[in-house]
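Structure first, commentary second.
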Amino acid sequence: MLPASSNQDQGDPMPDPQTQSNRWHARQSDEALLELESSSAGLSHEQARQRLLQYGPNRLDEAKPASVWQRLLRHLNNLLLYVLIAAALVTGLMGHLVDTFVILAVVVVNVVIGFVQEGKAEKALQAIRHLLAPHAVVLRDGRQQNLDAAELVPGDVVLLASGDSLPADVRLLQARNLRIDEAALTGESVPVDKQVEAVAADASIGDRLCMGYAGTLVTQGQARAVVVATGAATEIGRIGTMLESVEQGTTPLLRKMSDVGRALTAVILAAGVLLFLFGTLVRGMGAGEMFMAAVGLSVAAIPEGLPAIMTITLAIGVQRMASRNAVIRRLPAVETLGSVTVICSDKTGTLTRNEMTVQEVVCAGQALEVEGAGYAPQGALLFEGVPVEPVALAARTPAASALAEAAALCNDASLHEKEGLWVLAGDPTEGALLTLAMKTGLSPVNLHLDRPRLDVIPFESEHRFMATLHACEGGSEVLVKGAPERVLAMCARQLEADGQERLLDQSHWHEQVEAQARAGRRVLALARRRLPAGKEAIEHADVASELTLLGLVGIIDPPRDEAIRAVAQCRAAGIRVVMITGDHGVTASAIARQLGMGDDIKAITGPELELMDEAAMRQAVAEARVFARASPEHKLRLVRALQANGEVVAMTGDGVNDAPALKQADVGVAMGMKGTEAAKQAGAIVLADDNFASIAHAVEEGRTVYDNLRKTVTFLLPINGGESLSLLLAVLLGIALPITPVQVLWVNMVSSVALAMVLAFEPTEADVMQRPPRRPDEPMLSRFVIWRIFFVSALFLAGIFGMYQWMLTQGATIEAARTVAVNTLVCMEVFYLFSVRYLKAPSFTVQGVKGTPRVLVAVFGVFALQLMFTYAPFMQSLFASEALPLATGVLVVLAGVAVMVILEIEKALLRRMGVGPA
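According to my numbering, the residues represented by the sequence shown are 35 to 952, in order.
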């Protein structure tokens, strides 16, 4: 039980504040102190000690990591790897130790890759733990102390100042000019002005103006606050808990390859059992002999090189994406991007620049559009669609010229150029005003030298304006900027287009403010007042009335130009783009319209999402394109609802608030430059340039990877099928095997892998971003692939068995006949490679016949290996091969040519019938 004060030993137990953190914003500050059994002077040391025992340290608990052996076993739990291990055991029992070691090496490579890539969730949690402030200024026994933040408890009173990282979730007790940057938690693009007064109970996190949250940053002002939640009970801690609860789902590729592995295993085992039963029961052959025949069939049917080729294809995709600023942290995510049907994007810093920009200046009877984006002073001012030169601005629009000067002088920020980029020091809104002034031809530095500041009334949340005093010709001038409704109430006149002052038209200006707000812009008003000469200090009374309004500025964090193009590219590729942001709904909808996501866009807000059950949520995500004021829980629910609708979801983000959804998504895409470490660790992909357009490039590469994987499967499985059918037919006919198991392994692990590896380097096909996304449930073994496996397997059977039997009829030894069979198999592989590079298009083209340099290198390499297989004495003794005359070699090549001709005829017929691969 917690005492109410230092001299109280008994009383009613205090309600656990850690379970009530969602409602502190609805209570007045004195009520919060009363419920926490604290005071404005803080807790006593004894109270703090007892509460530390009750609630524990103010840090996130670290779960015990899985042992190395547990992690290794998890990565071995794959059916295709079981098949490979079985193949290794079988070849070992057969005495082929070299082949055993090769197959086991493939298994080890696959396990090591998965093992190394594991650990994102743990690293994400570690990154979030680092967001908790290491120290805090606390009042204990009424005295100010600097303590380790881990010692904070609910009820502690902390003192906050500019530059501080909040050590826990707090309820503000006193605040002066307090602004907190909550972008990492809420997605809010500018620091939030805080207040002490309570807000509505259903306010979203971004609207809880009387609260501060652990891990956010004080950018301006001072405050006194009481701690209401620590450790895992903070908003940051709850995000960490959500990360722990999110299970990493498997990717479409792994699901498809798992299906392929199960299908292959079932077919291979069934064929082996049937072959064993047929030989022993029907043919009356010995059980030992038939067992070895079944083993040979299994070795022939297992595509030993497929996992290695899959890993290599994905690794090549990683390299290609890295060259386009997408860093892959989890290998299968390469292909998953190619399956994406929905991209859920955060707004601030992802679709937008995260740099506030003035887009419009509204003066009396005039409006100027401002071109350009970000802090770079580049962009024209357009009056009625015509650019206005800076030198002509004062004559053309004197009010706009006076407004630009006021924007530069009534300003505490600074901009400087560093390595070609403009860097802001100060408030983002003030940075936008400086950029506007520079676009009009002003130099803020020179202006401050010419008209130095004499006095200032700093911005305070209760006054909602800032005022500065400057000398001017014939006296002094006070310049004011602030919230439009506040500044308008202080104005009596307005500066007209002709430079004359007239009475203020309140209704007109309120209409202009509403128009800017509908466009999603943040609005500031600027005004001035001339004061008598000799005035060197200003008071609130000097600006309370009789100001002259200069005009309004509409400010927004604009969309990236490249993001607009990328959204259009994604829509052309059949990918839906959904914005999920913590920012305001009006702003989010305006940005969505500028991005080209649609015209009639209405944002669904966080409070509306709260009222939805799972069915309503699934319907909402199927229709809506913008979700605003979304909390971390909302983002997580939205991603899950999309996945429940059968979508493959990519989630982009940069804040701590995005981490759980990044982990839940099929592909989490974090921003590398401005993203938090927690987001980077939770994502499977990190964009090095924070550019949404890089996602479109990554999707293109992902689709290319899948195309090449499908070509690889379509290439390898018919080869194994042809080998298996040849062995099966020999057993059924009761004759010697045309290819021995060790020769099968030579083909599978050397020539087949060398040729299939070339397919991993195939370039992107021209129409890859004009296709709709693949259906998530589309199997790797589609009807076309299954048809191609059976058809090409039959061709390989005919070639292998036909050439083998023909050699025997010509009086050749069984060793020579088997050598011809192996070379025929490899030659058919080479010509099949040229065909399979284009699953649908004809291969009899200049490019198709010529191939890529890698194709030609692989073909010549395999040719050299087969010459060694046939003529090298040590290979003859190892594989029981025999030298062949040149005329036989010509017949072998003709068999390969025949396979390609037949397949080209088949492709032509399929094209005419309108069937084939997607």
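Backbone N, C-alpha and C fix where the C-beta goes; we use that ideal spot for every residue, glycine too. Keep in mind it's a predicted model, so treat the numbers as computed, not measured.
What number of angstroms, rounded off, separates the C-alpha of residue i from the C-alpha of residue j?
| i | j | result |
| --- | --- | --- |
| residue 371 | residue 943 | 33 Å |
| residue 827 | residue 360 | 39 Å |
| residue 716 | residue 725 | 18 Å |
| residue 248 | residue 669 | 20 Å |
| residue 941 | residue 931 | 15 Å |
| residue 765 | residue 823 | 22 Å |
| residue 654 | residue 713 | 26 Å |
| residue 903 | residue 913 | 8 Å |
| residue 110 | residue 116 | 8 Å |
| residue 561 | residue 518 | 10 Å |
| residue 65 | residue 257 | 18 Å |
| residue 812 | residue 871 | 21 Å |
| residue 786 | residue 141 | 18 Å |
| residue 28 | residue 708 | Because the chain here runs from 35 to 952, residue 28 falls outside it and cannot be looked at. |
| residue 166 | residue 453 | Because residue 166 carries a pLDDT of 44, less than 50, the predicted location of this residue cannot be relied on, and the following value inherits that uncertainty. About 33 Å. |
| residue 693 | residue 814 | 31 Å |
| residue 733 | residue 926 | 42 Å |
| residue 575 | residue 558 | 21 Å |
| residue 471 | residue 419 | 20 Å |
| residue 61 | residue 236 | 12 Å |
| residue 634 | residue 531 | 35 Å |
| residue 937 | residue 869 | 7 Å |
| residue 947 | residue 686 | 41 Å |
| residue 795 | residue 802 | 16 Å |
| residue 541 | residue 362 | 55 Å |
| residue 415 | residue 608 | 37 Å |
| residue 119 | residue 239 | 53 Å |
| residue 131 | residue 775 | 13 Å |
| residue 821 | residue 667 | 46 Å |
| residue 145 | residue 859 | 31 Å |
| residue 155 | residue 704 | Interpretation of residue 155 is limited by its pLDDT of 38, a score under 50 that renders its predicted location unreliable; no figure is taken from the coordinates. |
Can you name the start and end residues of the alpha helix (DSSP H) that residue i belongs to?
| i | result |
| --- | --- |
| residue 743 | 727–767 |
| residue 541 | 540–552 |
| residue 619 | 619–628 |
| residue 837 | 817–843 |
| residue 874 | Where residue 874 is concerned, there is no enclosing alpha helix (DSSP H), given that its DSSP letter is neither H nor E. |
| residue 482 | 478–484 |
| residue 372 | 367–373 |
| residue 474 | No alpha helix (DSSP H) contains residue 474, which DSSP labels as neither H nor E. |
| residue 941 | 920–947 |
Between residue i and residue j, how many whole angstroms is the CB-CB distance? I'm expecting something under 8 Å.
| i | j | result |
| --- | --- | --- |
| residue 309 | residue 331 | 6 Å |
| residue 213 | residue 254 | 4 Å |
| residue 205 | residue 74 | Rounded, the Cβ-Cβ distance is 12 Å, inconsistent with contact. |
| residue 676 | residue 374 | No, residue 676 and residue 374 are not in contact; Cβ-Cβ is about 11 Å, not under 8 Å. |
| residue 700 | residue 683 | 5 Å |
| residue 432 | residue 474 | In fact, because the Cβ distance is near 12 Å, the residues do not count as touching under 8 Å. |
| residue 404 | residue 392 | 5 Å |
| residue 252 | residue 198 | 5 Å |
| residue 188 | residue 264 | 6 Å |
How is the beta strand (DSSP E) around residue i delimited, first residue to last?
| i | result |
| --- | --- |
| residue 911 | Residue 911 -> not in any beta strand (DSSP E); alpha helix (DSSP H) instead, spanning 907–913. |
| residue 170 | 169–174 |
| residue 528 | 525–529 |
| residue 576 | Element bounds for residue 576: not the beta strand (DSSP E) but the alpha helix (DSSP H), 574–577. |
| residue 781 | From DSSP, residue 781 is part of no beta strand (DSSP E); its letter is neither H nor E. |
| residue 178 | 177–182 |
| residue 649 | Note, residue 649: premise wrong, no beta strand (DSSP E); alpha helix (DSSP H) at 648–657. |
| residue 582 | 581–590 |
| residue 394 | 391–397 |
So, does the CB of residue i fall closer than 7 Å to a CB anywhere in chain D?
| i | result |
| --- | --- |
| residue 845 | Chain labels in this structure do not include chain D; a single protein chain is all it has. |
Original post:
Unbroken beta strand (DSSP E) runs of length 3 or more, entirely within the segment 406–471: which are they?
Top reply: Whole beta strand (DSSP E) segments, 3+ residues: 415–417, 420–422, 448–452, 455–459.
**OP:** Report yes or no: do three or more beta-carbon pairs, one from the segment 484–494 and one from the segment 569–577, lie closer than 8 Å?
**Re:** yes
Subject >> Sufficient close CB pairs (3 or more, under 8 Å) joining the segment 499–517 to the segment 436–444 >> reply: yes
Original post:
Is the segment 726–744 touching the segment 319–328 in the sense that three or more CB pairs, one from each, lie closer than 8 Å?
Top reply: no
Subject >> Ranges of the beta strand (DSSP E) found wholly within the segment 677–711, counting only runs of at least 3 >> reply: 683–687, 701–705
Original post:
Would you call the segment 885–900 and the segment 773–792 in contact, with 3 or more CB pairs under 8 Å?
Top reply: yes
Original post:
Per the contact definition of three or more C-beta pairs closer than 8 Å, is the segment 549–556 in contact with the segment 493–503?
Top reply: As far as the Cβ criterion goes, the segment 493–503 does not touch the segment 549–556, which means the pair count is below three.
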